[in-house]
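To start, the structure itself, in C-alpha cells.
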Amino acid sequence: MNDSNRSLASFASTWSTARSMLGKDLLIERRGRVLTNQVLPFALIVMVMFAFALDSDAVLERVAPGLVWLATLFSTLFIIARSFAVETADGALDQLRTTGAPPAGIFLGKALALMIQLLALVVVLIVAAVVLYRADLSWEGGVLLVTTALAATSGLAAVGTLYGGLSAGAKGRETLLPLLVLPVVAPVLIGATRATESAFGTNGIAVGEGWPWLGLLAVFAVMFSVTGAIAFGSLLDD
Amino acid sequence: MTTTAERNVTGTAFTRGLGVVTIAGIVLLVILGLFVSPADVNQGESVRIMYAHVPGAWLAYLAFIVTAVSSAAYLWPRTRSLTWDRIAGASAEVGVLFMAISLITGSLWGRITWGTYWTWDARLTTTAFLFVTYVGYLAVRGLGGSHQQRAKRSAVLALLAVLEIPLVHFSVELWNTLHQEASVAGRGTDVTMDGLMLFCLFLGVIVFTLMYVWLVLHRQRALHLQDMLDDTGLDAALAARRAEANV
Chain A
456 MNDSNRSLAS
466 FASTWSTARS
476 MLGKDLLIER
486 RGRVLTNQVL
496 PFALIVMVMF
506 AFALDSDAVL
516 ERVAPGLVWL
526 ATLFSTLFII
536 ARSFAVETAD
546 GALDQLRTTG
556 APPAGIFLGK
566 ALALMIQLLA
576 LVVVLIVAAV
586 VLYRADLSWE
596 GGVLLVTTAL
606 AATSGLAAVG
616 TLYGGLSAGA
626 KGRETLLPLL
636 VLPVVAPVLI
646 GATRATESAF
656 GTNGIAVGEG
666 WPWLGLLAVF
676 AVMFSVTGAI
686 AFGSLLDD
Chain B
367 MTTTAERNVT
377 GTAFTRGLGV
387 VTIAGIVLLV
397 ILGLFVSPAD
407 VNQGESVRIM
417 YAHVPGAWLA
427 YLAFIVTAVS
437 SAAYLWPRTR
447 SLTWDRIAGA
457 SAEVGVLFMA
467 ISLITGSLWG
477 RITWGTYWTW
487 DARLTTTAFL
497 FVTYVGYLAV
507 RGLGGSHQQR
517 AKRSAVLALL
527 AVLEIPLVHF
537 SVELWNTLHQ
547 EASVAGRGTD
557 VTMDGLMLFC
567 LFLGVIVFTL
577 MYVWLVLHRQ
587 RALHLQDMLD
597 DTGLDAALAA
607 RRAEANV
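Top to bottom, those sequences are chains A and B. Read left to right, the first sequence gives residues 456 to 693 (the working numbering). Read left to right, the second sequence gives residues 367 to 613 (the working numbering).
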C-alpha cells in the first residue's frame, strides 16, 4: 500500500469508528431516555428556579440569554457524566480498546453524540426562554441563534468528551468533572450569551452585533476538537 | 554518590545553603519593605503589599510554565521520566499556594486603593481561572492509579491548560472592551517609583524565586519518596509482620 492509500484507509477507519460510536450512543439514549426523562426536566426546573431567584420580569428579559446558557452548562455536566458512565460500566472501555479502534474515531463519535443531545437541550431551553422570560425572536435572529447553538454545542461537546475521558473510571469523578470543565468552557458561556443577546435583541442590541462572537465560538470548537482527536488516544492508553 | 531518595531524605548541602540564603533574603525584604522604604505618594502605606503581591504573581505564572514544560517533557517519548512528572506536580503545588497569596494580597490592595476587592479586569479574571484550573490539576493528580497513569493524565491536563488560559484571557478581554467601562487597573501607572521601592520589588522577585526553587526541590524529592513508599510499602509491611510472626 502506498502512503496516500494508507492515510485514506486510516481516515476511513476513523470515520467508520466515529459513526458506530455515534450510533451506539444515540441508541443507548433512545432506549434509556436519560436526556428526555431526567436531564431536560432538570434544565427546565432550573429555568423556573432562576425566575424565583430573580423575581422580576424586566430583569429576566434582560438576563434570559445568560440563563439559557448557564442552564445548558449545568445540564452538560450530567450528559458528559452519563456518556462516560456507560463506557466504564462492565469494563466496556477496556473491551473497546482491545478492538484496536482508532481513538480519534472514538472521540469524534462520542463528541458528535454529545453535540446532538446538547442541541436538543438548547432548543428546549430557548423555547423555555421565549415562553417563560418573554424573549423575543425574529427570523433574522433565529438564523444567528441556530448558528450560535451549532458552534457552542460543538465546542462544549469536544471539551466534554475530552475531560469526560480524562476522568473516566476514576474515583470521585462526579465532583471532579465540574471543577475541570467549567473553567475551560467559560469562553463558550461568554460568546454564546453575547450572540444570543443579539439574537433576542436584548437591550436593543442589533442582530448584526452577534456575529463576531461566533468567531470566538468557532475558534474554541476547532481548537478543542483537533486537540481532543489527537490527545484522546493517550488518555485511553493505560 | 547516593541519591537523596536512597538516603530517605529530601535535603542536600545545596538545598540547605539555598534555604539559608532564602530565609536571609526574606528577613531583608521584610525590613526594607515594611520599615525602611517610604510610603507611596498616591497609594500611601498600602504600596507595601506590592512587595509580596508582585513577586507572588510572578512566581505563580513561573510555576505554571514550569509545570507545562515538565509535562511536555514527560509526554515526549525520548525524555519520558517520572522525575518530570514529579517536578510538574511539585511546581503546581507551590504555584497554587503563591497564586492564592497573590489573589488575596491583590484584592486587599484593591480595596484600599480602588475601593473594591474585585474588578472584572482580564488579567485578574484570568488569574482566578488559572488558580481554579490548577486546583483541578492537583485533584486529578490525586485520582489514584499507577504512577504512569497519573503522570500521563496530569501531563495532558497541564498542556490543555496552556490552551485554555489564553482563550479565557482573550474572551474576557473581548467581553470587557465591548461591555464595560475602562478597567481601573490602568490607573496610576504613570507614577515614577522611588529607587528604594523599585529595589524592594526587585528583591522580592529574587527572594521569591529562590524560595520557589527551594520548595520545589524538596517537594519533588518528597513526592519521589511517596512514590517509593507506594511501590514497596505494602510488601515491606508484609515482610515485617511475617518476620515478627516467625520470631
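Even glycine gets a Cβ: it sits at the ideal position worked out from N, Cα and C. The structure presented is a predicted model; accordingly, all values stated were derived computationally and were not measured.
How is B/G391 classed by DSSP in three states: helix, strand or coil? Shown here, B/G391 sits in a helix according to DSSP, grouped into three states.
Under 7 Å from any heavy atom of the ligand NAP, does the C-beta of B/F568 make it? Of ligands this structure carries none, so the ligand NAP is not represented either.
Checking the sheet assignment: what are the DSSP bridge partners for B/G410? For B/G410, the beta-bridge partners assigned by DSSP are B/D406.
For A/F539 versus A/V494, is the C-beta spacing smaller than 8 Å? Against a cut-off of 8 Å, the Cβ pair of A/V494 and A/F539 comes out as no contact.
Judging by CA-CA distance, which residue of B/A379, B/L448, B/R414 is the nearest neighbour of B/Q586? Considering only alpha carbons, the answer is B/L448.
Excluding five sequence neighbours on each side, which residues of the same chain lie with their C-beta closer than 7 Å to the C-beta of B/V460? Closer than 7 Å at the Cβ level, and outside the excluded window around B/V460, lie A429, Y578, L581, V582, R585.
Given a cut-off of 8 Å on the beta-carbon distance, is the pair B/L525 and B/S437 in contact? When the beta-carbon positions are compared, B/L525 and B/S437 come within less than 8 Å of each other.
At which residues does the alpha helix (DSSP H) containing B/D451 begin and terminate? DSSP places B/D451 in the uninterrupted alpha helix (DSSP H) bounded by 448-479.
Listed by chain order, chain A residues near B/F495 by CB distance under 7 Å: Within chain A, the residues near B/F495 are P638, A641.
Look up B/W486 in the DSSP assignment and say whether it is helix, strand or coil. B/W486 falls in the coil class under three-state DSSP.
Got a sec? Which residues, its chain only, sit under 6 Å from A/S653 by beta carbon, not counting five neighbours each side? Apart from sequence neighbours up to five positions away, the residues of its chain that approach A/S653 with a beta-carbon distance below 6 Å are I660, V662, E664, G665, ordered along the chain.
is_contact[A/G694, chain B] using C-beta, thresh 8 Å: Residue 694 of chain A cannot be examined here, being either before or after the span of chain A that is shown, 456 to 693.
Under the three-state reduction of DSSP, which class applies to A/S468: helix, strand or coil? Correct three-state label for A/S468: helix.
Run through DSSP, which three-state label would B/S549 get? Annotation note: pLDDT 40 at B/S549 (below 50); position unreliable, no value reported.
Within 8 Å (strictly less), CB to CB, does A/L592 reach chain B? With its beta carbon at least 8 Å from every one in chain B, A/L592 lies outside the interface.
I'd like the list of long-range same chain contacts for B/R477, defined as Cβ closer than 7 Å, with 5 residues on each side in sequence excluded. Contacts found: Y483.
Under the three-state DSSP convention, the category B/K518 falls into: Helix.
Identify, in the order they occur along the chain, each residue of the same chain with its Cβ nearer than 7 Å to the Cβ of B/A426, setting aside the five sequence neighbours on each side. Sequence-distant partners of B/A426 (beyond 5 residues in either direction) whose C-beta falls short of 7 Å from its own C-beta, in its chain, are G461, F464, M465, S468.
Is the shortest distance between the beta-carbon of A/T553 and the beta-carbons of chain B less than 8 Å? For A/T553, no CB of chain B lies under 8 Å from its own CB, so it is not counted at the interface with that chain.
Would you tell me roughly how many angstroms separate the C-alpha atoms of B/D598 and B/G508, rounded to the nearest one? Before going on, a small fix: residue 598 of chain B reads as Thr here, not Asp. Taking the straight line from one Cα to the other gives about 19 Å.
Tell me which same chain residues have a C-beta within less than 7 Å of the C-beta of A/P520, skipping the five on either side of it? Excluding positions up to five away in sequence, the list reads T648, T651, E652, F655, T657.
Listed by chain order, chain A residues near B/R519 by CB distance under 8 Å: The contact set of B/R519 on chain A, defined by CB atoms closer than 8 Å, consists of L621, L690 in chain order.
Does B/G510 come out as helix, strand or coil in the three-state DSSP assignment? Note: B/G510 maps to coil in three-state DSSP.
Tell me which same chain residues have a C-beta within less than 7 Å of the C-beta of A/V585, skipping the five on either side of it? The answer, listed in chain order, is L592.
Output needed in chain order: residues of the region 572-587 of chain A with a Cβ under 9 Å from some Cβ in chain B. Along the region 572-587 of chain A, none of the residues has a CB nearer than 9 Å to a CB of chain B.
List, in chain order, every chain B residue whose beta-carbon is nearer than 9 Å to that of A/F675. In chain order: L533, S537.
Please classify A/G656: does DSSP put it in a helix, a strand, or coil? A/G656 falls in the coil class under three-state DSSP.
Judging by CA-CA distance, which residue of A/T602, A/L611, A/L637 is the nearest neighbour of A/W668? Just measuring C-alpha positions, the residue of A/T602, A/L611, A/L637 sitting nearest A/W668 is A/T602.
What residues from the region 412-441 of chain B come within 9 Å of chain A, judged by C-beta to C-beta, listed N to C? Within the region 412-441 of chain B, the qualifying residues are L441.
Would you say A/A607 and A/V643 are within 8 Å of each other, going by their C-beta atoms? The Cβ-Cβ distance between A/A607 and A/V643 falls below 8 Å.
Selected residue, minimal CA-CA separation from B/H419, among B/T471, B/I389, B/G455: When each option's Cα is compared against that of B/H419, the closest is B/T471.
Please confirm whether A/L691 and A/P558 have their CB atoms less than 8 Å apart. The beta carbons of A/L691 and A/P558 sit closer together than 8 Å.
What did DSSP end up calling B/Y425 once you bin it into helix, strand or coil? For the sequence presented, residue 425 of chain B should be read as Leu rather than Tyr. B/L425: helix per DSSP, three-state reduction.
What residues in its chain sit with their C-beta under 6 Å from that of B/S520, if we drop five residues either side in the sequence? Once the five neighbours on either side are set aside, the close Cβ partners of B/S520 are V506, R507.
Find the residues of chain A that neighbour B/E459, judging by a C-beta separation of less than 8 Å, and give them in chain order. Correct list: empty, because the minimum Cβ distance to chain A is about 16 Å.
For B/L581, does the three-state DSSP call read helix, strand or coil? Helix, per DSSP.
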